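Chains as they are written, first to last, in my numbering: chain A, 1 to 162; chain B, 1001 to 1162.
First the structure, in the form of structure tokens, and then the observations on it.
There are 2 protein chains.
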Amino acid sequence: MRMSDGVEWGVHVCVLLASLPDDAALPAAKLAEYHGVPAAYLAKHLQALAGAGVLCTVKGAKGGYRLAKPPAEITALEIVEAIDGDEPAFRCAEIRRRGPTAQPAREYTKVCGIHHAFTKADEAWRAELARTTVADLFMGVLNDVPRPALEKAARWLQESAR
Amino acid sequence: MRMSDGVEWGVHVCVLLASLPDDAALPAAKLAEYHGVPAAYLAKHLQALAGAGVLCTVKGAKGGYRLAKPPAEITALEIVEAIDGDEPAFRCAEIRRRGPTAQPAREYTKVCGIHHAFTKADEAWRAELARTTVADLFMGVLNDVPRPALEKAARWLQESAR
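So, in structure tokens, the structure goes:
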């Protein structure tokens, strides 16, 4: 079970944008430069995040992307679902209805217990990501990134943010 | 984030095999017939489950597959990992080390907080599947499958098990 690599990009973008002053934005090209990822691929994910109401676009000469809500109100789950979709991880094709024991569909009135068990695991995963906010992740990054990288980031943001 | 459809097949196979008497087995072709899935694809997953110690093969005229352990000792997580691998769902390419703030690798002494948050979600998912056994799932299926399907299954097993 794997998520797309766009999830890592999307989360890092949101955490970087959480460090901007309220009225500032970063253009897509600068976000790609900062994260060292291909601008064309990142653009697709930025649009998905904007479509999901996680980011918003600022038009004009000072244009770019910024968070659409305060960092404490954006969850990791929102970012994952914007980029990777919200389909359950378990693919249930209802194979219990096939083969020599098959009954008419109307007879299967109860959810398959196997499907139910996997849904519970999915819910545990989602619940964990739903209680993790961009504000939490931002505080984590302040703590785990090497100090010289933080200092370079601060200077880069001063030069690049609009 | 999606699992392969082989996971559904693998779990259903294990639950069906849990209903066999201790010394009985079912050939791969019968397992494919029961679940209405392509024999060639199912064979690949049966081999993966045998390789992981979830199933074992019985040789000879009465040969086939059976559970390698009691159903209460096989977890849903073992089946998932046998079929879908045990890689974490979150793909971390350490993009924090790229771009204009990059530092030498040795400077990144702490795990990225973003990676850590996703690992916690992964662990919640795994923990849920690790506490669900094939015995639990078997009891669930007895409860959720229509009664006529259960009766047909009992007759089919009597004719097909070796």
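C-beta atoms are modelled at their ideal positions from N, C-alpha and C, and glycine is treated no differently.
Here the structure is a predicted model, which is why all the values come from computation and not from measurement.
Listed along chain A, the residues sitting closer than 7 Å to T1101(B) by beta-carbon distance are A149, K152, A153, W156.
Residue pairing by DSSP puts G64(A) in a beta bridge opposite V58(A).
Here DSSP, grouped into helix, strand and coil, assigns T1101(B) to helix. Relative to the Cα of L1016(B), the nearest Cα in the group G60(A), R96(A), A149(A) belongs to R96(A).
Under the three-pair Cβ rule at 8 Å, the region 1087-1103 of chain B counts as touching the region 32-47 of chain A. Taken through DSSP and simplified to helix, strand or coil, R2(A) comes out as strand. DSSP places L1026(B) in the strand class (E or B) of the three-state scheme. Taking C-alpha positions only, E151(A) is separated from W1125(B) by approximately 37 Å.
The three-state reading of DSSP puts T133(A) in strand, counting E and B together.
Contact of G1010(B) with chain A is not assigned, every C-beta pair being separated by 8 Å or more. Comparing alpha-carbon positions, the option among H12(A), S4(A), E8(A) lying closest to A135(A) turns out to be H12(A). For a cut-off of 8 Å, the C-beta gap from L1077(B) to R1066(B) is around 20 Å, too long to register as a contact.
Contact annotation: the region 82-95 of chain A does not touch the region 1135-1148 of chain B, with fewer than three C-beta pairs closer than 8 Å.
When Cβ pairs closer than 8 Å are counted between the two stretches, the region 100-119 of chain A is seen to touch the region 1146-1161 of chain B, the count reaching three or more. When DSSP states are grouped into helix, strand and coil, T1119(B) belongs to the helix group.
Just so you know, the alpha carbons of Q47(A) and V1007(B) end up roughly 32 Å apart. Burial state of T133(A) is buried, judged by a 10 Å Cβ sphere holding 16 or more other Cβ atoms. Inter-residue distance for K1069(B) and A1018(B) is about 10 Å (C-alpha atoms, whole angstroms). By the CB criterion at 8 Å, A1025(B) and G1063(B) fall inside the cutoff. Interface with chain A (8 Å Cβ-Cβ cutoff): V1111(B) is included.
I1074(B) does not reach chain A, its nearest Cβ partner there being about 13 Å away, counting only Cβ pairs nearer than 9 Å. Look at G1140(B): its C-beta is under 8 Å from a C-beta on chain A. Per DSSP, Y1108(B) is not a residue of any alpha helix (DSSP H), being assigned neither H nor E.
Residue environment for E1094(B): exposed (fewer than 16 other C-beta atoms within 10 angstroms of its C-beta).
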